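Taking the UniProt record's numbering, the leading residue of the sequence shown gets 1, the next gets one more, and so forth. Note that the Cβ used here is the ideal one computed from N, Cα and C, for glycine as well. Quantities reported herein were computed from a predicted structural model and do not represent experimental measurements. Below is one structure; the comments refer to it alone.
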Amino acid sequence: MTSASSSPPPLPAPRDVRLRLAEPTRFGRTARRIDGAWWPRSDDLARELTGLLGVLPRAWGRISSVLVNGDTWPDCPEQMVIAGQTVHVGHTDSPTAPHTVCLLAPGRGRYDLLVVPPATAQAEADLLMERAVTQGA
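Written as structure tokens, this is what we have:
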């Protein structure tokens with residue numbers, strides 16, 4: 001667990017966060033089951049999540065909770081302090097969503113991102129991310 005007194009990992013530059021988001025509907029949310037795709041650079045969830053949360057659209061609001069697959073991300077803290085805010089991290093063992101991350105913003109909603117494994121080849125990752133934002137899967 002990262003405390004407020006310890007130094008957080010340095011934030012990746014926004015251009016270093018590999019994220020693609022689906023186009024919002026006229027009401028600001030997508031009609032898809034997947035809101036975008038995220039391709040982290042490593043299996044270090046604390047570092048990667050810090051970068052991800054730093055580049056999300058302001059319209060999504062402040063993310064207070066993150067739900068990740070425990071098999072995909074076995075070593076993650078129960079909570080983190082990111083930009084002075086506590087973010088709770090929970091685990092799920094759902095076999096239907098091993099490569100997704102769920103972001104919860106109180107009063108704003110839930111956002112689900114497909115997670116492309118870090119070791120994925122560029123061409124395959126590009127295809128997966130494109131499919132996620134255009135087809136929602």
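Segment limits, beta strand (DSSP E) that includes residue i
i	result
R110	G109 to V115
T100	T100 to A105
A37	G36 to W38
Paired residues, beta bridge with residue i - DSSP
i	result
M80	V87
Residue i, buried or exposed, once every other Cβ within 10 Å from all chains shown has been counted against 16
i	result
A123	exposed
T134	exposed
CB contact flag (residue i, residue j, <8 angstroms)
i	j	result
L67	T50	no
V89	P77	yes
I107	A22	For the record, residue 107 in the displayed sequence is Gly; it is not Ile. Cβ atoms of G107 and A22: not closer than 8 angstroms.
P118	D71	no
G36	A132	yes
Neighbourhood of residue i by C-beta distance below 8 angstroms, restricted to the same chain and skipping five residues each side
i	result
V87	L49, L53, I63, S64, S65, V66, Q79, M80 and V81
R110	C102, L103 and L104
Cut-off 6 angstroms between Cβ atoms - residues of its own chain near residue i, not counting five sequence neighbours on either side
i	result
R18	W39
Residue i, enclosing alpha helix (DSSP H) - first and last residue
i	result
V68	No alpha helix (DSSP H) holds V68; the beta strand (DSSP E) holding it covers S65 to N69.
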